[in-house]
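These protein sequences, in sequence, are chains A and B. Read the first sequence against this note's numbering and you will find it ends at 1161, with the numbers running on by one and no gaps. Read the second sequence against this note's numbering and you will find it ends at 1161, with the numbers running on by one and no gaps. Here's the structure, in structure tokens; my notes come after.
Protein chains: 2
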Amino acid sequence: MDFFPSALENLIDKFAMLPGIGRKTAQRLAFYMIAIPDEDAISFADTIKAAKRGVKCCTVCLNLTDGDLCSVCKDTRRNTKVVCVVPDPKGVLAIERSHEFDGLYHVLHGVISPIGNIGPDDIKIKELIARVSDGGIDEVIMATNPDTEGETTARYISRLLHPFGVKVTRLAYGIPVGGSLEFVDDATLMRALEGRMEM
Amino acid sequence: MDFFPSALENLIDKFAMLPGIGRKTAQRLAFYMIAIPDEDAISFADTIKAAKRGVKCCTVCLNLTDGDLCSVCKDTRRNTKVVCVVPDPKGVLAIERSHEFDGLYHVLHGVISPIGNIGPDDIKIKELIARVSDGGIDEVIMATNPDTEGETTARYISRLLHPFGVKVTRLAYGIPVGGSLEFVDDATLMRALEGRMEM
């Protein structure tokens, strides 16, 4: 029902497109956007464009960055012999918050998901294999989410890494099964890092 | 903690500024925005700007519109003798959904709220009084939210309209006390319109 001016209906549609935002919430957000001062709304729009322009993937670990290297890869004090594999940049943030890990990361940007029609080639596995085959890495820690897809992805990568003779570990099951990495509390993550097991 | 690239942190901040959006949700929305194709994100940003540029207030009833008159005021079949006073454009949508009202509207763009520091001059009461004093209006229906602020606003306006000899009614208490107009179901709204009482 196109009751409001089309420019407003379009905005409601755009907000409703966002994940987890229903029609009512989209309406509320669109009305809010109409009500705030022009410069605030324009700055909101420009921030979206700036983020799309300015945010790139780190050339080493594929974490998000505004330069060539992300803040972790740029840090020369990090242990470059250990690489922690996470499903997405939020995973990096979660592990960093535990202050228990001083190695580097590899961001997969997804997990293998037959239901979601995401295969091994759709995520950044090739890039991980290339990093490991370049040498200098002693251990790869799998920190995918503790659910079926994360588990599948970890096992798949672990098999691919076997020929390189690199130690492949995964986070201990201190992390609650079926949960999402990003919501794990720091203490649990710390214990999960300490108790990681060879796989 | 500025862990992500600043362009991304800025976008998270912008989303977190929206009403009802917490930090975690803002992060999720910002990451979504980073992940979708460039043209989709740019179109989102442009839609915000277009809405800010294109959406104005109807010169008669102050409902949102993209021209001079809103879709209701433009409709020549409407009964111009009855004006329904609503707190915001969502109120117009709610009443229209009941298909029980064929008059015009007046959008206050707020309610009197001593706590929110919103006085009678901060909302569009003057404009309503001007419409009524111009003549041609037989009845003003108060459809403010059935809470203290809505009630206060309705009583205040009712007193101001008294000298003009216009009939002032309000929605019957079919609408649940303490609720918000926008979430009332259509049937309840219909009964509330039928049972309106003089005040």
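By construction, the Cβ of each residue, glycine as well, lies at the ideal position given by its N, Cα and C atoms.
Sub-8 Å separation of Val1047 of chain A and Glu1101 of chain A beta-carbons: Translated into the one-based positions of the first sequence, residue 1047 of chain A becomes position 85. Translated into the one-based positions of the first sequence, residue 1101 of chain A becomes position 139. No, Cβ-Cβ distance for Val1047 of chain A and Glu1101 of chain A is not below 8 Å.
Residues of the stretch 1040-1057 of chain B with Cβ closer than 9 Å to any Cβ of chain A, in chain order: Within the stretch 1040-1057 of chain B, the residues whose Cβ lies closer than 9 Å to some Cβ of chain A are Asp1050, Pro1051, Lys1052, Val1054, Leu1055, listed in chain order.
contact_flag[the stretch 1085-1097 of chain B, the stretch 1053-1061 of chain B] where n(CB pairs < 8 Å) is 3 or more: By the Cβ rule, the stretch 1085-1097 of chain B does not count as touching the stretch 1053-1061 of chain B, because fewer than three pairs are nearer than 8 Å.
Chain B residues whose Cβ lies nearer than 8 Å to that of Arg990 of chain A: Mapped onto the first sequence, residue 990 of chain A falls at position 28. Within 8 Å Cβ-Cβ: Pro981, Gly982.
Candidates A:Ile1010, A:Leu1055, A:Ala1154: closest to Leu1133 of chain A by CA position: Working through the first sequence from its first residue, we reach residue 1133 of chain A at position 171. That would be A:Ala1154, whose Cα lies nearest to the Cα of Leu1133 of chain A.
Supposed contact pair Thr1131 of chain B and Arg1158 of chain B - C-beta distance, whole angstroms, cut 8 Å: For the purposes of this step, residue 1158 of chain B is taken as the residue at position 196 of the second sequence. For the purposes of this step, residue 1131 of chain B is taken as the residue at position 169 of the second sequence. Correct: roughly 4 Å between the Cβ atoms.
Limits of the alpha helix (DSSP H) - the one that Asn972 of chain B falls within: As a first step, residue 972 of chain B is located in the second sequence; it is residue number 10 there, counting from the start. First-last of the alpha helix (DSSP H) with Asn972 of chain B: 968-979.
DSSP beta-bridge partners of Met995 of chain B: Here residue 995 of chain B corresponds to residue number 33 of the second sequence, with the count starting at 1. Paired residues: none, contrary to the question.
Residues within the stretch 1143-1158 of chain B neighbouring chain A, beta-carbon criterion of under 7 Å: none
Neighbour list for Val1017 of chain A in chain B, Cβ cutoff strictly below 7 Å: In the first sequence, residue 1017 of chain A corresponds to position 55, counting from 1. Within 7 Å Cβ-Cβ: Pro967, Ala969, Leu970, Ile996.
Buried or exposed (CB count within 10 angstroms, at least 16 for buried), Asn1041 of chain A: In the first sequence, residue 1041 of chain A corresponds to position 79, counting from 1. By the neighbour-count rule (16 or more Cβ atoms within 10 Å), Asn1041 of chain A is not buried but exposed.
Any 3 or more C-beta pairs closer than 8 Å across the stretch 1103-1122 of chain B and the stretch 1067-1076 of chain B: These segments touch.
Assigned exposure category for His1107 of chain A - 16 Cβ within 10 Å defines buried: For the purposes of this step, residue 1107 of chain A is identified with residue 145 of the first sequence, where counting begins at 1. Sequence inspection shows Asn at residue 1107 of chain A; the His mentioned does not correspond to that position. Buried.
First through last residue of the beta strand (DSSP E) which encompasses Val1054 of chain B: Sequence index remark: in the second sequence, residue 1054 of chain B carries index 92 (1-based). That residue, Val1054 of chain B, is in no beta strand (DSSP E); its alpha helix (DSSP H) goes 1051-1059.
CA-to-CA distance, Gly984 of chain A to Pro967 of chain B, given in whole angstroms: Taking the first residue of the second sequence as 1, we reach residue 967 of chain B at position 5. Taking the first residue of the first sequence as 1, we reach residue 984 of chain A at position 22. Distance between the alpha carbons of Pro967 of chain B and Gly984 of chain A: 29 Å.
Buried or exposed by the 16-neighbour rule on C-beta atoms within 10 Å, applied to Asp1050 of chain A: As a first step, residue 1050 of chain A is located in the first sequence; it is residue number 88 there, counting from the start. It is buried - the Cβ of Asp1050 of chain A has at least 16 other Cβ atoms within 10 Å.
For Glu1101 of chain A, the first and last residue of its enclosing alpha helix (DSSP H): Taking the first sequence and counting its residues from 1, one reaches residue 1101 of chain A at position 139. Glu1101 of chain A -> not in any alpha helix (DSSP H); beta strand (DSSP E) instead, spanning 1101-1104.
Opposing strand residues paired with Ile1077 of chain B [DSSP bridges]: Start at 1 with the first residue of the second sequence, and residue 1077 of chain B comes out as number 115. Beta-bridge pairing links Ile1077 of chain B to no other residue.
Coarse secondary structure for Met963 of chain A, derived from DSSP in three states: Stepping through the first sequence from its first residue, residue 963 of chain A is reached at position 1. Legend: pLDDT at Met963 of chain A = 46, less than 50; position of this residue unreliable, no value from coordinates given.
Nearest to Lys976 of chain A (by Cα), restricted to the options B:Ile998, B:Asn972, B:Gly982, B:Gln989: Within the first sequence, the letter at position 14 stands for residue 976 of chain A. Comparing Cα positions, the closest option is B:Ile998.
Neighbour flag for Ala1028 of chain B against chain A, beta carbons, 8 Å: By 1-based counting over the second sequence, the position of residue 1028 of chain B is 66. Looking at the sequence shown, residue 1028 of chain B is not Ala but Asp. Interface criterion met: the Cβ of Asp1028 of chain B is under 8 Å from a Cβ in chain A.
Test item: CB-CB of Tyr994 of chain A and Pro981 of chain B under 8 Å: Taking the first residue of the first sequence as 1, we reach residue 994 of chain A at position 32. Taking the first residue of the second sequence as 1, we reach residue 981 of chain B at position 19. For Tyr994 of chain A and Pro981 of chain B, yes; Cβs fall inside 8 Å.
Proximity to Ile1087 of chain A [Cα-Cα], best of A:Gly1098, A:Met1104, A:Ile1077: The residue you call residue 1087 of chain A lines up with position 125 of the first sequence. Nearest option by C-alpha distance: A:Met1104.
Interface positions of the stretch 1097-1112 of chain B facing chain A (Cβ-Cβ less than 9 Å), listed along the chain: none
Continuous beta strand (DSSP E) stretch holding Thr1021 of chain B: start and end: The sequence position of residue 1021 of chain B within the second sequence is 59, counting from 1. Counted as a single uninterrupted DSSP element, the stretch harbouring Thr1021 of chain B is not any beta strand (DSSP E), since DSSP gives it neither H nor E.
Three-state secondary structure assigned by DSSP to Thr1131 of chain A: Taking the first residue of the first sequence as position 1, residue 1131 of chain A is located at position 169. Here Thr1131 of chain A sits in strand by DSSP.
DSSP three-state assignment for Val1069 of chain A, whether helix, strand or coil: Mapped onto the first sequence, residue 1069 of chain A falls at position 107. Three-state result, Val1069 of chain A: strand.
Arg1146 of chain B: first and last residue of the uninterrupted alpha helix (DSSP H) it sits in: Translated into the one-based positions of the second sequence, residue 1146 of chain B becomes position 184. According to the sequence provided, residue 1146 of chain B is Val. The question's Arg does not apply to it. Counting along the chain, Val1146 of chain B falls outside any alpha helix (DSSP H), and DSSP gives it neither H nor E.
Among B:Gln989, B:Leu1151, B:Asp1030, nearest to Glu1144 of chain A - alpha-carbon criterion: What you label residue 1144 of chain A is simply residue 182 of the first sequence in a count that begins at 1. For the residues B:Gln989, B:Leu1151, B:Asp1030, the minimum Cα distance to Glu1144 of chain A belongs to B:Gln989.
8 Å Cβ shell around Gly1081 of chain A - same chain, five flanking residues per side excluded: Numbered from 1 along the first sequence, position 119 holds the residue referred to as residue 1081 of chain A. Cβ neighbours of Gly1081 of chain A within its own chain (closer than 8 Å, five residues either side excluded): Ile1074.
Chain-ordered neighbours of Leu973 of chain A on chain B, where CB pairs are closer than 7 Å: Counting from one through the first sequence, the residue named residue 973 of chain A turns up at place 11. Result: Thr1009, Ile1010, Ala1013.
Residue-level contact to chain B via CB, Phe993 of chain A, 8 Å cutoff: In the first sequence, counting from the first residue as 1, residue 993 of chain A sits at position 31. So yes, Phe993 of chain A belongs to the interface.
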